[in-house]
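**Q**
Protein chains: 2
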Amino acid sequence: MTPDAPSRRTPADADAPARTSAGDPARTLALLWRDPSALPRRGPRRALDVDTIVDAAISLADDEGLAGLTMRAVARRAGVPPMSVYTYVPGKAELLDLMLDAAYARMDRRPTTGLPWRERVRAVAEENMALYEAHPWAAAVSTLRPPLGPGQMAKYEHELAAFDDAGLDDVTVDDCLTHLLVVVRACARDSIEAHATREQTAQGDEEWWAAAGPVLERVLDPAAYPRASRIGSAAGEAHGSAHEPAHAYRFALDRVLDGLERLVEGRAGTAADG
Amino acid sequence: MTPDAPSRRTPADADAPARTSAGDPARTLALLWRDPSALPRRGPRRALDVDTIVDAAISLADDEGLAGLTMRAVARRAGVPPMSVYTYVPGKAELLDLMLDAAYARMDRRPTTGLPWRERVRAVAEENMALYEAHPWAAAVSTLRPPLGPGQMAKYEHELAAFDDAGLDDVTVDDCLTHLLVVVRACARDSIEAHATREQTAQGDEEWWAAAGPVLERVLDPAAYPRASRIGSAAGEAHGSAHEPAHAYRFALDRVLDGLERLVEGRAGTAADG
DNA sequence: AACGAACGCCGTACATTGTACGACGTACGC
DNA sequence: GCGTACGTCGTACAATGTACGGCGTTCGTT
């Protein structure tokens, strides 16, 4: 009753978002923790090792994005023929796990002992944003089932510590951290997409609005959408464009911290509060 | 000096997330608003119209997800040969714009006049979550440059009204709405990915943890990660699994509303507050 | 009434993807 | 010394979005 091999990524999955932990869990974990007992005992000496492939993949994804992360390109950067990558890594899914865990492991974790919890939690947010700035592809990978490697564990342990003296119970601390990380990653994704859109379209936001504006004026009746017209243009003028991801992130982070603070204060309202 | 045609999607873009407004803005807007002057004046009568294609695409994406939304499949569902789709829609990017704007237009918008702002804003969140439950693909599409069609405009106008008597200035109202929508969409994405992962892997979270658990115990030293071990398993027991998207959403929504409430109260803290 | 241009329609073709498969050679255990 | 487990990697395949071009239809103009 050996289970079938977990779903492999086929060309048909094109638009499905990249996902971690899509391979055989045991095999992936052995790779993540560099389990020596998983190494081959017979056969010729391996020319490379897993880390060479992972490093090549990370630097490639940093340069070209997830779209440029093809197995052939990884092989090229590692200096081996295309199919040789599969000697070190079972497939692209496992490679993503390894890349992400390695990126987590290398995160810069500032010591924040002594600071109040709000500043420590803010630091956690900034560290994650820094990760996504250094490795934009990391924000695009789904981590619903996180890569349970040493990097992920160190990250989780460190981030939980930020809530140490906030006086919250264990489950709530996990909820708070999850919420914070979801918001930071969402903001990071928007920011990265803004960047990518500018590059790929070779059309800045101003040019896009300049192209869209005249047509929009012809079809759109301001009287039909009074708030949208007024507030939309007010927001557009306040920031450079209609959407300024950096500003959205700052706003979101302050709002999230305020929300967590009410929880710490014990004044959280889950229904209408009186 | 006619500009080059905006970037078309080629097979090489596989892993790049689907994006709205990737086509020629003027052409896309004409399509979105069903500009009659953009219809052809010569040639044979069209066998179908844009809406047939858009409806086929939406029902297809509802059934099969964004990964199943191929131009060939859209054509099959509309009952035309593959390349005929391009008669009605310039390309996949524009089709996504049309799909999204149509989904926005058909959203169920409950009247919430008379309710306090917090309940009205909560209703906006629920309406968006309902949209993503009905059309999971909508959560995956990047809307950095939103499809400026009638559906998007109606949605924006309606959602702004939720903040009508909260006493916030125009720019802040836009910030709040953006923040709310970002969080709801992020939660929706996680929830959808959880669903998709269960289906594609044919492996529930329990089975996955069951497969990962033993190996993890062998490599992981609880003493090295005290908080992670304790809080991780506490959270895992509290919800069914390590990650319960529905719970994460409820928690996030309450926290966001609390954060906005402090803004409304004028007690928001952007730095340490005393 | 007749003609040419503008259009609808759509079959074929191409580059690109992840990776299954299998041939060939190497190193270890008996 | 031999069988087998393994590394290495060339070839092949199905699926993708859409460029291109051939063909037929309809309308504005004459």
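In the order they appear, the protein sequences are chains F and G.
Mapping to this note's numbering: the first sequence position 149 is 149, numbers consecutive.
Numbers in this note's numbering are just positions in the second sequence, counted from 1, shifted up by 274.
For each residue, glycine too, the CB sits at the ideal point set by N, CA and C.
Predicted, not measured: the structure shown is a model, and the values here were computed from it.
Residues bridged to S142(F) by DSSP?
**A** Here the question's residue 142(F) lines up with position 142 in the first sequence. Its beta-bridge partners are R19(F).
**Q** P314(G) touches chain F at which residues, Cβ-Cβ below 8 angstroms?
**A** Along the second sequence, one-based indexing puts residue 314(G) at 40. Under the 8 angstroms cutoff, chain F gives no residues; its nearest Cβ is about 18 angstroms from P314(G).
**Q** So which residues on chain F does E431(G) lean against when the C-beta distance must stay under 7 angstroms?
**A** Taking the first residue of the second sequence as position 1, residue 431(G) is located at position 157. Within chain F, the residues near E431(G) are Y225, R227, A228.
**Q** Taking S465(G) and A428(G) to be in contact with their CB atoms under 8 angstroms, please state how far apart those CB atoms are, rounded to whole angstroms.
**A** For the purposes of this step, residue 465(G) is taken as residue 191 along the second sequence, with counting starting at 1. For the purposes of this step, residue 428(G) is taken as residue 154 along the second sequence, with counting starting at 1. S465(G) to A428(G), Cβ: 25 angstroms. No contact.
**Q** Does any residue of chain G have a CB that is nearer than 8 angstroms to the CB of R45(F)?
**A** Position 45 of the first sequence, counted from the first residue, corresponds to residue 45(F). Not closer than 8 angstroms to any Cβ of chain G, the Cβ of R45(F) fails to qualify, so no.
**Q** Here's a check: name, in chain order, each residue in its chain whose Cβ is nearer than 8 angstroms to the Cβ of A404(G), leaving out the five neighbours to either side.
**A** What you label residue 404(G) is simply residue 130 of the second sequence in a count that begins at 1. Result list for A404(G): M381, D382, in chain order.
**Q** With distances taken between CB atoms, is the gap from A103(F) to A138(F) smaller than 8 angstroms?
**A** As a position in the first sequence, residue 103(F) is number 103, starting the count at 1. As a position in the first sequence, residue 138(F) is number 138, starting the count at 1. The answer is yes: Cβ separation under 8 angstroms.
**Q** So L374(G) packs on V363(G), CB below 8 angstroms; how close in whole Å?
**A** Here residue 374(G) refers to the residue found at position 100 when the second sequence is read from its first residue. Here residue 363(G) refers to the residue found at position 89 when the second sequence is read from its first residue. Incorrect: roughly 13 angstroms between the Cβ atoms, too far for contact.
**Q** Between E64(F) and the rest of its own chain, which residues show a CB-CB distance below 8 angstroms, the 5 nearest in sequence each way excluded?
**A** For the purposes of this step, residue 64(F) is taken as residue 64 along the first sequence, with counting starting at 1. Excluding positions up to five away in sequence, the list reads A73.
**Q** CA-CA distance, A125(F) and L180(F)?
**A** As a position in the first sequence, residue 125(F) is number 125, starting the count at 1. As a position in the first sequence, residue 180(F) is number 180, starting the count at 1. Between A125(F) and L180(F), the C-alpha separation is close to 7 angstroms.
**Q** Report buried or exposed for A93(F), applying the criterion of at least 16 other Cβ atoms within 10 angstroms of its Cβ.
**A** By one-based count along the first sequence, residue 93(F) stands at place 93. A93(F) comes out buried.
**Q** Distance check for H409(G) and A489(G), CA to CA, integer angstroms please.
**A** By 1-based counting over the second sequence, the position of residue 489(G) is 215. By 1-based counting over the second sequence, the position of residue 409(G) is 135. Note on residue identity: the sequence assigns Val, not Ala, to residue 489(G). In a straight line, the C-alpha of V489(G) is about 38 angstroms away from that of H409(G).
**Q** Three or more C-beta pairs closer than 8 angstroms, one from the region 536-543 of chain G and one from the region 194-209 of chain F: is that the case here?
**A** Touching, no, given that fewer than three Cβ pairs across the two stretches are closer than 8 angstroms.
**Q** Going by CA-CA distance only, name the one from R41(F), P81(F), P44(F), L29(F) that's closest to I53(F).
**A** If you number the first sequence from 1, residue 53(F) lands on position 53. It is P81(F) whose Cα lies nearest to the Cα of I53(F).
**Q** Quick check on A111(F): buried or exposed, where buried means 16 or more other Cβ atoms within 10 Å of its Cβ?
**A** As a working mapping, residue 111(F) is identified with position 111 in the first sequence. Reading the sequence as shown, one finds Pro at residue 111(F) and not Ala. Classification of P111(F): exposed, given that the 10 Å Cβ count is below 16.
**Q** Measuring CA to CA, which of D298(G), G353(G), T361(G), S311(G) is closest to P318(G)?
**A** For this step, residue 318(G) is matched to residue 44 along the second sequence. Nearest C-alpha to P318(G): T361(G).
**Q** Counting only runs of 4+ residues fully inside the region 163-247 of chain F, write out the alpha helix (DSSP H) ranges in chain order.
**A** Runs of the alpha helix (DSSP H) inside the region 163-247 of chain F: 170-201, 205-219, 226-238.
**Q** Measuring alpha carbon to alpha carbon, tell me which of A18(F), P40(F), T28(F) ends up nearest G68(F).
**A** As a working mapping, residue 68(F) is identified with position 68 in the first sequence. Closest by alpha carbon: A18(F).
**Q** Could you confirm whether any beta carbon from chain G is found closer than 8 angstroms to the beta carbon of I58(F)?
**A** By one-based count along the first sequence, residue 58(F) stands at place 58. No - not a single Cβ of chain G is within 8 angstroms of the one on I58(F).
**Q** Return the CA-CA distance between P496(G) and V85(F), expressed in angstroms with no decimal places.
**A** Counting from 1 along the second sequence, the entry for residue 496(G) is found at position 222. Counting from 1 along the first sequence, the entry for residue 85(F) is found at position 85. If you take the alpha carbons of P496(G) and V85(F), they lie about 33 angstroms apart.
**Q** Return the residue from the list R351(G), R396(G), V445(G) that minimises the CA-CA distance to R242(G).
**A** Missing from the structure shown is residue 242(G); chain G here goes from 275 to 548 and no further.
**Q** Would you say H453(G) lies against chain F (beta-carbon separation less than 8 angstroms)?
**A** Translated into the one-based positions of the second sequence, residue 453(G) becomes position 179. Yes, contact with chain F.
**Q** DSSP three-state call for L322(G): helix, strand or coil?
**A** Counting from one through the second sequence, the residue named residue 322(G) turns up at place 48. Of the three classes helix, strand and coil, the one that applies to L322(G) here is coil, per DSSP.
**Q** With a 10 Å radius around its C-beta and 16 neighbouring C-beta atoms as the bar for buried, classify T172(F) as buried or exposed.
**A** Counted from its first residue, the first sequence places residue 172(F) at position 172. T172(F) is buried by the Cβ-count criterion.
**Q** 8 angstroms is my cut-off, CB to CB: does R536(G) come that close to chain F?
**A** Locating residue 536(G) in the second sequence gives position 262, where the first residue counts as 1. At least one chain F Cβ lies under 8 angstroms of R536(G).
**Q** Which class does L69(F) belong to by DSSP, given the choice of helix, strand or coil?
**A** The residue labelled residue 69(F) in the question sits at position 69 within the first sequence. Three-state DSSP puts L69(F) in coil, outside helix and strand.
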